[in-house]
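Numbering (the working numbering), first residue to last: 252 to 565. Positions of the beta carbon are idealized from the N, C-alpha and C atoms, including for glycine. Structure first, commentary second.
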Ligand SMILES: *[C@@H]1O[C@H](CO)[C@@H](O)[C@H](O)[C@H]1NC(C)=O
């Protein structure tokens, strides 16, 4: 039997960002521009890698998976947030909220697993260059991608199913701009101990194990360079690993900043701003990190454009 104070909640209210009303339009335009940049940048990377056969190497296939996942990760939260900024009642239905949380976890984890696959790829490329093409076979790449999908689906599913067990009472206001798992757990009025335990354990596994695997591959890359120190070797590592390292630092830097740096007061504001960072800023910057300082991507862009122009003239 359920108690009297438990009503069935059919929707949640997303409070969004603490933006003063006079600046609302400015911020709306800013977020819209950032979202459009994210979509266009990541689409461009996907199209370029798809069209240019010179880029059909494991590194670029992982990269195209990564930019696809960035695009989706941003699309899970930002369009709804933009819509809510314009509406009087920033509501989201219960099922919509759970769906958003599922895909948020799904694409967030996927990114973390793809970063590991890319780190392994760089490790093989630098430490056993002669066996690179036999080790990183299309089959292994496909297996790594499928494995990432399976792991992230089960992780996101686990949290979502555990959340459906909870009941929510009268308070349905989420002080966030999307349906964040921890914000939802704070709202629930039934016992959330199991959920919190699973968040703690699985969060640790999903964040810490990929991070350690990345650190191990880089440690081995660095030790293999130190064995044969040469300017060319160091240059080669920076040119092939630089962009991956930047993305890894951005990804884990935000997580570490969010969870390991203690904040004294207004932690909700800090959490929201940091969440803004990884849902809007990181997916927007990734394509630039990869394409701006990458000769292969620029070459591919020029080749694809030339082909298009020739095709049009023809
Ligand atoms: C993801 O990677 C796999 C395996 O390398 C590749 O076959 C596939 O085309 C990639 N998918 C996308 C959307 O880029």
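- Query: Where DSSP assigns a beta bridge to residue 262, which residues make up the other side?
  - Reply: Beta-bridge analysis with DSSP links residue 262 to 344.
- Task: Could you tell me the distance, in whole angstroms, from the CA atom of residue 495 to the CA atom of residue 368?
- Result: 11 Å
- Message: Considering only the alpha carbon of each residue, which of 280, 289, 311 and 334 lies closest to residue 266?
- Response: 334
- Query: For ligand 3, which residues count as neighbours when the test is a C-beta closer than 6 Å to any heavy atom?
  - Reply: Summarising the ligand content, the structure contains ligand 1 and does not contain ligand 3.
- Task: Output the distance between the C-alpha atoms of residue 456 and residue 530, rounded to the nearest integer angstrom.
- Result: 21 Å
- Taking the CB atoms as reference points, tell me whether residue 370 and residue 464 lie closer together than 8 Å. yes
- Query: Given a threshold of 16 other Cβ atoms within 10 Å of its Cβ, counted over all protein chains shown, does residue 490 qualify as buried or as exposed?
  - Reply: It is exposed - the Cβ of residue 490 has fewer than 16 other Cβ atoms within 10 Å.
- Task: Return the chain-ordered list of same chain residues with a C-beta closer than 6 Å to the C-beta of residue 332, the five sequence neighbours on each side being excluded.
- Result: 428
- Using a C-beta cutoff of 8 Å, does residue 496 count as contacting chain D? Absent here is chain D; the protein component of the structure consists of one chain.
- Item | Pairwise C-alpha distance: residue 445 and residue 256 | Its pLDDT being 49, under 50, residue 256 is placed unreliably in this model, and the coordinates cannot settle the point.
- Roughly how many angstroms lie between the CA atoms of residue 498 and residue 415, to the nearest whole one? 34 Å
- Considering only the beta carbon of each residue, do residue 296 and residue 373 sit closer than 8 Å? It is not a contact, given that the beta carbons lie outside the stated cut-off.
- Distance, residue 315 Cα to residue 309 Cα: 10 Å
- Item | Environment of residue 442 [buried if 16+ CB atoms lie within 10 Å] | exposed
- Task: On a CA-only basis, which of 342, 475 and 322 is nearest residue 377? Give me that one, please.
- Result: 475
- Task: Kindly indicate the opening and closing residues of the alpha helix (DSSP H) around residue 460.
- Result: Residue 460 -> alpha helix (DSSP H) spans 444-478.
- Item | Buried versus exposed call for residue 300 [16 or more other C-beta atoms within 10 Å across all chains shown] | Per the 10 Å Cβ criterion, buried.
- Task: Compute the beta-carbon to beta-carbon distance between residue 352 and residue 404, rounded to the nearest angstrom, for a pair I have assumed lies under 8 Å.
- Result: Incorrect: roughly 14 Å between the Cβ atoms, too far for contact.
- Query: If you draw a straight line from the C-alpha of residue 389 to the C-alpha of residue 356, how long is it?
  - Reply: 27 Å
- Going by the beta-carbon positions, is the gap between residue 399 and residue 364 smaller than 8 Å? Their beta carbons are under 8 Å apart, which means residue 399 touches residue 364 by this criterion.
- Item | From 546, 508 and 539, residue whose alpha carbon lies closest to that of residue 528 | 508
- Message: Buried or exposed, going by whether 16 or more other CB atoms sit within 10 Å of the CB of residue 408?
- Response: exposed
- Item | Proximity below 8 Å, CB of residue 322 to CB of residue 293 | yes
- Item | Rounded distance between the beta-carbons of residue 344 and residue 261, thought under 8 Å | 7 Å
- Query: So residue 438 packs on residue 425, CB below 8 Å; how close in whole Å?
  - Reply: Your pair residue 438 and residue 425 checks out as a contact, with CB atoms roughly 7 Å apart and the cut at 8 Å.
- Since I believe residue 362 is in contact with residue 324 (beta carbons under 8 Å), could you give me their beta-carbon distance rounded to a whole number of angstroms? 7 Å
- Given a cut-off of 8 Å, decide if residue 336 and residue 286 are closer than it, judged by their beta-carbon atoms. no
- Query: Between residue 383 and residue 375, is the Cβ-Cβ spacing less than 8 Å?
  - Reply: yes
- Task: Go through the region 289-368 residue by residue and report every complete run of the alpha helix (DSSP H) that reaches 4 residues or more, in order.
- Result: 309-337
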